[in-house]
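The block underneath contains the structure these notes are about, expressed in structure tokens.
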Ligand SMILES: [Fe+2]
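Residue numbers (this note's numbering): 2 to 252.
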């Protein structure tokens, strides 16, 4: 099974969604194949030509592996056709000690050929030592992509506590639904500030079900007003493509 990073077909819609839960029945995302198809097609209508399925990998909750992802991915790809977005896969890795051991054993499910990986932390607090782990990931050739930095309470009052993670090489991937206010005022304001400060390096849907599409669309409009058309292309197309390709020239 090939992961993300395959060549983009000519004529595909430009945007790349680096974070989406559209594989049926393997995490808290869509539960049926029909919902997965509806979500993929809805993202296609919003301009996404590539969607990376990132099921949760979280100890005790969703212990996904390449083996559990494979059949769900095959089912979704089989239900889509050539006009729909291409579906790649990675994972949203909850970076506790167990998943960290997985990384050290070379078993983390990342983007492309593993030169980047999506990670998340408990919402209450970014663990002490996160920066060291990110540094070690980078040294070992895997750039950490931090999921929804705007949703960590430590980021709400200012970027001082999370900026060191970006300085250490983490790529901040902000949820479009946060910009639409789906998670409340603090994540929305923080997402706007991260865009304004240039700390947000890419945007994603983090969609879990078709009803999230309206938040994704609203978030895209909000982002367009904040960063303009060119900024939106950078955050939704060029930078995500660099992550998939394992090149980090601008991101
Ligand atoms: Fe997610």
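Cβ atoms here follow ideal geometry from the backbone N, Cα and C, with glycine treated the same way.
Three or more C-beta pairs below 8 Å linking the segment 185-192 and the segment 86-102: no
Cβ pair residue 308, residue 152 closer than 9 Å: With the chain covering 2 to 252 only, the question about residue 308 has no answer from this structure.
Residue 191, buried or exposed, once every other Cβ within 10 Å from all chains shown has been counted against 16: buried
Neighbour-count burial assignment, residue 66, 16 or more Cβ in a 10 Å radius: exposed
Buried/exposed call for residue 172, threshold 16 Cβ in 10 Å: buried
Cβ separation of residue 29 and residue 57, assumed to be a contact under 8 Å, to the nearest whole Å: 7 Å
Three-state secondary structure (DSSP) of residue 147: strand
Segment contact flag, the segment 175-184 with the segment 218-230, C-beta cutoff 8 Å, min 3 pairs: yes
8 Å CB neighbourhood of residue 198 in its chain, flanking five on each side removed: 160
Residue burial classification, residue 5 (beta-carbon count within 10 angstroms, cutoff 16): Residue placement at residue 5 is poorly supported in this model, since its pLDDT is 44, which falls under 50; the coordinates still yield a value, given next. The residue is buried, with at least 16 neighbouring Cβ atoms inside 10 Å.
DSSP beta-bridge partners of residue 18: 52
Close Cβ partners of residue 165 (< 6 Å) along its chain, the five nearest in sequence each way excluded: 132
Beta-carbon separation (whole angstroms), residue 26 vs residue 73, contact threshold 8 Å: 7 Å
Cβ contact (3+ pairs, closer than 8 Å) linking the segment 39-59 and the segment 205-220: yes
Residue 157 in three-state terms, based on DSSP: coil
Alpha-carbon spacing of residue 34 relative to residue 238, whole angstroms: 26 Å
Contact test: residue 93 Cβ vs ligand 3 heavy atom, cutoff 8 Å: As presented, the structure is devoid of ligand 3, carrying ligand 1 as its sole ligands.
Check whether residue 84 and residue 45 have beta carbons under 9 Å apart: yes
Exposed unless 16 or more other CB atoms sit within 10 angstroms - verdict on residue 251: exposed
6 Å CB neighbourhood of residue 138 in its chain, flanking five on each side removed: 145
Residue 253 (DSSP reduced to helix, strand or coil): What the structure shows of the chain is the stretch from 2 to 252, and residue 253 is not part of that stretch, so it cannot be assessed.
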